[in-house]
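Working notes, structure below.
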Amino acid sequence: MTIALVDCESFYASCETVFRPDLKGKPVVVLSNNDGCVIARSIEAKQLGVAMGIPWFKIREDYLKKGGIVFSSNYAFYGDMSSRVMSILRSLCPKMECYSIDEAFLDMTDLASHYDLYEFGCYIRSVTKQWVGIPVRIAIGPTKTLAKVAAYQIKRRDLPSKVMIIDSHNRIDMLRSTPIREIWGIGSRLSHHLHGMGIDNAYALANSNIATMRKRFSVVIERMIRELNGEPCIGLEESPSPRKQIIVSRSLRSPITRVEEARMPLSNFVARAAEKLRSEYQHCQRMSIFIRTNRFSNHRQAYIADQQTFPVPTNDSRLMLRTANGMLNKIFRKGYRYSKLGVILDDCTLVSSVQGDLFLAQDTHASKLMQSIDQMNQKGARIFFASQHGTFSYPRNQQQVSQRYTTCWEELPTVS
DNA sequence: TCTGGGGTCCTAGGACCC
DNA sequence: TCTGGGGTCCTAGGACCC
């Protein structure tokens, strides 16, 4: 097999600069949801020493003083830019998996016999740069895991071409210079264990005993070892399977102590989750809510959660709101300063494949009602449920949001 | 003062069945 | 004194990813 991993360089930061050529060459960072952490950095920002994931408040003053540019995250915009990149990739190689907002795997096995892979990689890069304005890296190998290794090596070696191919000639070299923590699927826990066993790089892992490692850890690591040795174990998922779980949660602007203060944000999260569920033509059978204190604060800590199973899968906002509020009343405990809460919908299934209940009357009005509400809201109405209404402390301000250049008529870029 | 949000997969162990 | 053996299903929690 020949797998190419195409990943966008500093994706969010790159998006922000596409329509702002004046920012070229300047440090640019993009912040997480509540302007909490740095989640994307331009090359110049990396050179300034801005660490990935660092809390914004810790570097803000210093960074701005040095002339750094900052953006709050603008997911509508990034999502649209992502789908533009993806459609180009699909046109070049139809066997494709959209792996994340800024990465895709391409199965180039068939193309490999007709094209020079390196040149093809360069072509992909030039086309996405020219048509969308986003620079990409192309990392090629016989398995997904090895393609990931190649992607790491492009960064490590700072290759100007941004194209790298792992084959039998350079594989050992590549693996030797890839630290264990950089392997796809090895996180902090596993890398700690492996270091303890004297396995420090990808080459050592590739040559470890599969049976022993599987017994000690799990089948996950077995697949990893095989993939590092060029044996494909992780397939390409061309058509995305329906989601199994939907989560909506946020940190609050300021901590809350009373149950009434939690009601409104929770209702909004539940309504949003139900909307997502319906937009994917799904029902869910189980709903959990959780509420927690700020894990970084010195105050007393608490994480409380509850869940409920519906007798019949549902996507009716009214039932879900009632259920969520009932659970909230049941679990809320006084004496804590809560700073985050959310809802999780589990056991999501397609409406079309749901088994009805013989003894419960089907509420056909419900689905029509929900459909009407969704349609009106999509057209710009603002229809919501009573428990969602009022002022509440979500979301925290996003101070520096860019325009939705590509998805909103009022915010199209102007050229003068 | 201020530290994101949303996912997936795997395993162990309990409950239950015959 | 001595109390089976083998299976499935479900869930919570861990680990990882972007």
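Quick note on numbering: the numbering used here labels position 403 of the first sequence as 404, and the sequence is numbered without any gaps. The beta-carbon is built from N, C-alpha and C at its ideal position, and this holds for glycine as well.
A check of alpha carbon separations from lysine 145 across Leu160, Glu98, Ser178 and Ile181 identifies Glu98 as the nearest.
Here cysteine 409 is exposed. Its C-beta has fewer than 16 other C-beta atoms within 10 Å.
According to the DSSP secondary-structure assignment, alanine 41 is paired through a beta bridge with Val31. In the three-state DSSP reduction, phenylalanine 218 falls in the coil class, being neither helix nor strand. Look at arginine 21 here: in three-state DSSP terms it is coil, with no helix or strand label. Inter-residue distance for glutamine 283 and asparagine 330 is about 27 Å (C-alpha atoms, whole angstroms).
Residue environment for phenylalanine 58: exposed (fewer than 16 other C-beta atoms within 10 angstroms of its C-beta).
In the three-state reduction of the DSSP assignment, leucine 160 falls in the coil class, being assigned neither a helical nor a strand state. Counting only runs of 3 or more residues that sit fully inside the stretch 46 to 72, the beta strand (DSSP E) segments are 70 to 72, in chain order.
Contact annotation: the stretch 270 to 277 touches the stretch 249 to 257, with at least three C-beta pairs closer than 8 Å.
Pairing arginine 405 with alanine 14 gives a Cβ-Cβ distance that is not under 7 Å.
Taking every protein chain shown into account, the CB of serine 101 has fewer than 16 other CB atoms within 10 angstroms, so this residue is exposed. Taking 7 Å as the cut-off, the beta carbon of aspartate 23 is found no closer than this to the beta carbon of serine 73. The beta strand (DSSP E) runs of length 3 or more contained entirely in the stretch 218 to 272 are, from start to end of the chain, 247 to 257.
Check the Cα spacing between alanine 140 and each of Tyr204, Ala5 and Glu412: the tightest is with Ala5. Three or more beta-carbon pairs drawn from the stretch 198 to 209 and the stretch 166 to 177 are found closer than 8 Å, and the two stretches are therefore classed as touching.
By the criterion of a C-beta distance shorter than 6 Å, asparagine 230 is surrounded in its chain by Ala207, once the five residues flanking it on both sides are discounted. The Cβ atoms of valine 30 and valine 7 lie no closer than 7 Å to each other.
One thing to note: leucine 346 has its Cβ within 7 Å of the Cβ of cysteine 285. For isoleucine 235, same chain residues with a beta-carbon under 8 Å away, outside a window of 5 residues either side, are Thr144, Lys145, Thr146, Arg224 and Glu228 in chain order.
When DSSP reads this structure, leucine 107 sits in a beta bridge with Ala5 and Met97.
Looking only at Phe12, Thr18 and Cys9, the smallest Cα-Cα distance to proline 414 is reached by Thr18. Residue environment analysis places asparagine 269 among the buried positions, since at least 16 neighbouring C-beta atoms fall within 10 angstroms of its C-beta. Between isoleucine 181 and serine 192, the gap from beta carbon to beta carbon is short of 7 Å. DSSP places alanine 303 in the coil class of the three-state scheme, outside both helix and strand. For methionine 371, the enclosing alpha helix (DSSP H) stretches over residues 365 to 379.
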